[in-house]
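For the sequence shown, the numbering used here gives the first residue as 632, with consecutive numbering after it.
Notes for the one structure printed next.
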Amino acid sequence: MPSPYTLLLAPNASLMTGSGTNTIVLGADPHGALVIDPGDAAPAHLAAIVEEGVKRGGLRRVLITHNHPDHSSGAAELRERLHIPIAAFSYTGTPFADEEIADGSSFAIADDTLRALHTPGHRFDHLCFLLERQHLLFAGDLLAGSGTVVISPPEGDLFDYLASLRRLQNLDITTMIPAHGPIIADPQARLAEYVAHRLQREQQVLAALHDLPPGSTVAALVERIYAEVDPALHTVAAHSVTAHLLKLEREGRVQRDGEGWRIIA
632 MPSPYTLLLA
642 PNASLMTGSG
652 TNTIVLGADP
662 HGALVIDPGD
672 AAPAHLAAIV
682 EEGVKRGGLR
692 RVLITHNHPD
702 HSSGAAELRE
712 RLHIPIAAFS
722 YTGTPFADEE
732 IADGSSFAIA
742 DDTLRALHTP
752 GHRFDHLCFL
762 LERQHLLFAG
772 DLLAGSGTVV
782 ISPPEGDLFD
792 YLASLRRLQN
802 LDITTMIPAH
812 GPIIADPQAR
822 LAEYVAHRLQ
832 REQQVLAALH
842 DLPPGSTVAA
852 LVERIYAEVD
862 PALHTVAAHS
872 VTAHLLKLER
882 EGRVQRDGEG
892 WRIIA
């Protein structure tokens with residue numbers, strides 16, 4: 632049985648994207664094909680997407696998991712070339728989209744159904760797409776094939792991110808294809824690992840707040856928590872610590888103290 636999808640690696644490798652973005656072309660006649668996250672506007676990459684779409688009955692729509700350039704670049708060029716719509720969660724998140732995709736929306740894919748799942752956290756407009764009969768999730772940036780993903784407020788929200796991970800833990804998913812890195816063959820183990828990692832980091836933030844003077848800044852917390860990490864990475868670490876503090880504030884467990892933070896007794 633032929634694969635329901637083809638993975639094309641976008642030529643946008645970087646420190647943040649790893650080897651590049653996994654662009655997905657899926658579907659076949661009678662409904663034609665969809666492309667998830669074109670990823671890059673490089674002519675050779677777009678030509679490969681179009682060629683694969685032709686093999687599958689022609690591209691009918693571009694789907695965007697979220698509007699970060701390493702996912703949405705190339706979408707406008709495909710629309711102009713093929714006269715097909717761009718669909719994303721919201722016009723707020725993706726102003727150039729032609730269609731909005733509500734949570735639970737579905738697309739016919741040959742003899743299967745592709746279900747959109749709103750999974751905010753990495754970004755407020757993030758979508759995953761579940762190929763239901765295959766139990767196959769196209770995970771975008773909710774998870775990565777290796778390592779973790781960045782949660783950077785205000786676009787990112789750790790409270791929402793953990794809720795999205797837990798939502799997926801309640802679904803029957805046997806394979807995940809993230810937007811970056813290799814295929815995840817044991818999704819539930821990886822989801823549990825991601826949740827445990829974030830909760831462990833949360834405990835480190837709380838421990839640092841307990842040990843440091845009240846009103847300690849994010850920079851002081853980063854220096855304490857990431858003492859063994861290259862200082863060049865502390866800027867990225869500060870985004871993570873801030874995300875944890877905002878989650879804890881939302882839960883009523885910490886509060887702001889000027890430019891710093893303190894535990895609520």
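The beta carbon of each residue, even a glycine, is placed where N, CA and C say it ideally should be.
If you compare the alpha carbons of Pro674, His870, Arg692, Thr637 with that of glycine 663, the shortest gap goes to Arg692.
Here the region 752 to 766 lies against the region 779 to 793, with 3 or more beta-carbon pairs under 8 angstroms apart. With distances taken between CA atoms, proline 844 lies nearest to Arg893 out of Leu762, Arg893, Leu646. When only Cα atoms are considered, aspartate 888 and arginine 712 end up about 53 angstroms apart.
Rounded to the nearest angstrom, the gap between the Cα atoms of histidine 676 and glutamate 882 is 44 angstroms. The straight-line gap separating the alpha-carbon atoms of serine 777 and threonine 696 is approximately 19 angstroms. Here the C-alpha atom of leucine 864 lies approximately 34 angstroms from the C-alpha atom of valine 666.
Rounded to the nearest whole angstrom, the CA to CA distance from phenylalanine 760 to aspartate 861 is 36 angstroms. Secondary structure note for proline 809: it is in no alpha helix (DSSP H), and the uninterrupted beta strand (DSSP E) holding it is 806 to 809. The beta carbon of glutamate 890 sits closer than 6 angstroms to those of Thr848, all from its chain and outside the five residues before and after it, given in chain order.
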